[in-house]
Amino acid sequence: MRAFRRILHPTDFSRASAPAFRLAVGLAMAYRAPLLILHAMTPPSPFIDEGAPPSSYLDLLALARRSAKRRLAAILARARREGVRAQAIFAEGLPADEILRSTRRSRADLIVMGTHGRTGVSRVFMGSVADRVVRESRCPVLTVRAHGR
Amino acid sequence: MAAEQGAEGFGRLLVPTDFSAGSERAWAMARRLAARLGAELVLVHVLVETPLYSEGPFTMKRARDVFDAARAWAVKTLGEWTATAAAAGLSARWVVRTGVPYEEIVGAAAQEGVDLIVIGTHGRGGLDRALLGSVADRVIRLAPCPVVTVRDTE
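If you're matching them up, the sequences are chains A and B in order. 10 is the number that my numbering gives to position 14 of the first sequence; each next residue is one higher, with no gaps. 27 is the number that my numbering gives to position 38 of the second sequence; each next residue is one higher, with no gaps.
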C-alpha cells in the first residue's frame, strides 16, 4: 500500500491550527514523509486615507511579512525538533487559493488543516478556508476541529 | 482532548460507506492509514428506513421485505470488505445502523470512540464542485474527532 509521500500543513498561526499541527507532525513521523508548512498571508488592504502616504502601506506590508515569516520559522523549528523533515512555504494571496496551488505544485498527497469549529450554533460553520479546500482539493484532506470532543 | 492527539493516538478509524466509488476510495485510504498506524478499522453503513405507503400493493410487509433485503445485501458486502482487510493483516469489523446517515455516522464515531473518520466525498468538476456531499459536509462539522475527506474522482 502506498504511503503518503508529502504532507502539507497550512497554518494561520491561530489556536485552531494547533491540533492540526500536532497531527501533521505525528503523521509525518509515522510515514517518514516530508512536511510542508504553509502560511498564506493575505496582504493588508491598502487603506484609503488621504493623510496616509503610500509609504506607510509599504511599511505595514513589510511589517506583516516580517512578522508572518518569523512565526512560520518558529513553527518550522518546532517540527524539526520533533525530527521531521520539514520545510516552510510562505505565500501571499487568498489562503484557500494558495493552499490548493501549493498542494498541486509540491505534489503533496495529504493536507492536514484545522477548522474553526466552535461549539453551539457556530459549530455548523466550518471555516471558509477549510471548506473550500475540502471541496476543491484533489488529494485527501484531514480536517481537525479546534475544539474537538 | 483533541488538542493532545498525535498520530500515535489513532487506535480506531471509522469508515462510513454507502458502497459508492467514493466510499471505496475512502476505504482504500483508511486501509493505508490503518496499516501504518496499527489502527483498527470499523466500517459503518447506515440503512435508511423505507418510507411506508399503506396504499396499493406497497404494504407494510412489502416495505419490510425491501428493508430486509437491503440489510442482507449490506451485511454481505460489509463482510466481504472486512474480509479483504483481514486478509491483508488488518483488524477490521463492521456495524450497521439505521437512521439519518450523518447523525448515525457521528453517533457511531462517539459510541465506538474512534480517533478518526475517513469519508468519501462526491467531488466533481465544474458546477458540481460546490456539492461536497451533504453527508460528508455535516460529518466534518459535527464529528467528535478529526475527519479525512477523500474525493471520489481524480
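No residue lacks a Cβ here, since even glycine has one placed at the ideal position from N, Cα and C.
Can you give the beta carbon distance from residue i to residue j, rounded, assuming they're within the 8 Å contact cut?
{"i": "B:V103", "j": "B:L3", "result": "4 Å"}
{"i": "B:W83", "j": "B:L32", "result": "4 Å"}
{"i": "A:V130", "j": "A:H5", "result": "About 15 Å; that fails the 8 Å criterion."}
{"i": "A:S98", "j": "A:L34", "result": "5 Å"}
{"i": "B:W70", "j": "B:W16", "result": "6 Å"}
{"i": "B:V(-1)", "j": "B:L67", "result": "It should be pointed out that residue -1 of chain B corresponds to Phe in this sequence rather than to Val. Incorrect: roughly 22 Å between the Cβ atoms, too far for contact."}
{"i": "A:Y27", "j": "A:A(-1)", "result": "5 Å"}
{"i": "A:A142", "j": "A:R11", "result": "6 Å"}
{"i": "B:A72", "j": "B:L30", "result": "About 12 Å; that fails the 8 Å criterion."}
{"i": "A:L85", "j": "A:L32", "result": "The sequence given here has Ile at residue 85 of chain A, not Leu. At roughly 6 Å, the Cβ-Cβ gap stays under 8 Å, so A:I85 and A:L32 are in contact."}
Rounded to the nearest angstrom, what separates residue i and residue j at their Cα positions?
{"i": "B:R20", "j": "A:L57", "result": "46 Å"}
{"i": "B:C134", "j": "B:V107", "result": "11 Å"}
{"i": "A:C135", "j": "A:S63", "result": "30 Å"}
{"i": "B:A10", "j": "B:A125", "result": "14 Å"}
{"i": "A:A29", "j": "A:E78", "result": "13 Å"}
{"i": "B:V95", "j": "B:A132", "result": "5 Å"}
{"i": "B:F56", "j": "A:V137", "result": "34 Å"}
{"i": "A:I71", "j": "B:A52", "result": "57 Å"}
{"i": "A:R2", "j": "A:D105", "result": "6 Å"}
{"i": "A:G116", "j": "B:P5", "result": "The predicted position of A:G116 is uncertain, since its pLDDT is 41 and thus under 50; no value can be drawn from it."}
{"i": "B:G78", "j": "B:F8", "result": "22 Å"}
{"i": "B:M18", "j": "B:Q100", "result": "22 Å"}
{"i": "A:S51", "j": "A:S41", "result": "14 Å"}
{"i": "B:E89", "j": "B:S123", "result": "The amino acid occupying residue 89 of chain B in the given sequence is Val; Glu does not appear at that position. So the two alpha carbons sit approximately 12 Å from each other."}
{"i": "A:D127", "j": "A:L90", "result": "13 Å"}
{"i": "A:T38", "j": "A:A14", "result": "20 Å"}
{"i": "A:A60", "j": "A:A24", "result": "29 Å"}
{"i": "A:E94", "j": "A:R67", "result": "18 Å"}
{"i": "A:F17", "j": "B:H34", "result": "31 Å"}
{"i": "A:S102", "j": "A:R81", "result": "15 Å"}
What first and last residue would you give for the beta strand (DSSP E) that runs through residue i?
{"i": "A:G110", "result": "L106 to T111"}
{"i": "B:P5", "result": "R1 to P5"}
{"i": "A:R141", "result": "V137 to R141"}
{"i": "A:R76", "result": "Per DSSP, A:R76 belongs to no beta strand (DSSP E); it is in the alpha helix (DSSP H), P50 to R77."}
{"i": "B:G109", "result": "L105 to T110"}
{"i": "B:T138", "result": "V136 to R140"}
Just curious, the alpha helix (DSSP H) that residue i is in, first and last residue?
{"i": "B:L30", "result": "That residue, B:L30, is in no alpha helix (DSSP H); its beta strand (DSSP E) goes E29 to L36."}
{"i": "B:F56", "result": "M49 to A76"}
{"i": "B:S123", "result": "S123 to L131"}
{"i": "A:S124", "result": "S124 to E132"}
Going by the DSSP bridge assignment, what does residue i pair with across the sheet?
{"i": "A:E94", "result": "Per DSSP, none; premise fails for A:E94."}
{"i": "A:L34", "result": "A:P6 and A:I85"}
{"i": "B:T87", "result": "B:L36"}
{"i": "A:L23", "result": "Answer is none; A:L23 lacks a bridge partner."}
{"i": "B:A81", "result": "B:L30"}
Report yes or no: is there a C-beta of chain A within less than 8 Å of the C-beta of residue i?
{"i": "B:P135", "result": "yes"}
{"i": "B:L26", "result": "yes"}
{"i": "B:T138", "result": "yes"}
{"i": "B:D7", "result": "no"}
{"i": "B:I129", "result": "yes"}
{"i": "B:M18", "result": "yes"}
{"i": "B:V103", "result": "no"}
Would you say residue i reaches chain B, if we count a Cβ-Cβ gap shorter than 8 Å as a contact?
{"i": "A:L90", "result": "no"}
{"i": "A:P39", "result": "no"}
{"i": "A:T99", "result": "no"}
{"i": "A:L72", "result": "no"}
{"i": "A:R1", "result": "no"}
{"i": "A:V125", "result": "no"}
{"i": "A:R76", "result": "no"}
{"i": "A:P30", "result": "no"}
{"i": "A:V137", "result": "yes"}
{"i": "A:Y53", "result": "no"}
{"i": "A:L159", "result": "In the structure as shown, chain A begins at -3 and stops at 145. Residue 159 of chain A is therefore absent and cannot be evaluated."}
{"i": "A:V80", "result": "no"}
{"i": "A:A213", "result": "This structure cannot settle anything about residue 213 of chain A, because the visible part of chain A is limited to -3 through 145."}
{"i": "A:L151", "result": "Absent from the structure is residue 151 of chain A, since the part of chain A shown begins at -3 and ends at 145."}
{"i": "A:L19", "result": "yes"}
{"i": "A:R134", "result": "yes"}
Flag residue i as yes when its Cβ comes closer than 7 Å to any non-hydrogen atom of the ligand FAD, and as no otherwise.
{"i": "A:A104", "result": "Ligands displayed in this structure: none; no statement on the ligand FAD is therefore possible."}
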